[in-house]
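For reference, the structure is listed below as structure tokens.
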Amino acid sequence: MKVTERTLVELCRRVNGDQLKCWNSGLKVERCGNEYILIRLIRKPKEGQPRYLDIYSGSPREVKAFIDGYVHAAELTNRGD
1125 MKVTERTLVE LCRRVNGDQL KCWNSGLKVE RCGNEYILIR LIRKPKEGQP
1175 RYLDIYSGSP REVKAFIDGY VHAAELTNRG D
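Just so you know, we're using our numbering here: the sequence shown kicks off at 1125 and counts up by one.
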């Protein structure tokens, strides 16, 4: 299956509304040339804290794999495992 920009955007939207809903941050994907950058957006940053962090960059497949791993870790954290 080909991973497109639309696929990554929809994945981030779904994850933000489900697994990361109770977190203080969400995910966003931006295209930069041939690569994609995964950004962690802080929802309510504290004073002196950055509003966002670039957490990964790579091909669409690499970014999707990173998101899948990030979501798996978030699910484990949400359950308390």
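Beta carbons are placed, not taken as given, at the ideal position from N, Cα and C, and that holds for glycine.
Values in this document were obtained by computation on a predicted structure and should not be read as measured data.
query	result
Residue 1151 and residue 1144 closer than 8 Å at C-beta	yes
Own chain residues within Cβ distance below 7 Å of residue 1140, not counting five before or after	1150 and 1151
Under 8 Å between C-beta atoms of residue 1176 and residue 1132	no
Counted within 10 angstroms of its Cβ, other Cβ atoms place residue 1188 as buried (16 or more) or exposed	buried
For residue 1167 and residue 1148, believed in contact at Cβ under 8 Å, the rounded distance	5 Å
Alpha-carbon spacing of residue 1173 relative to residue 1154, whole angstroms	21 Å
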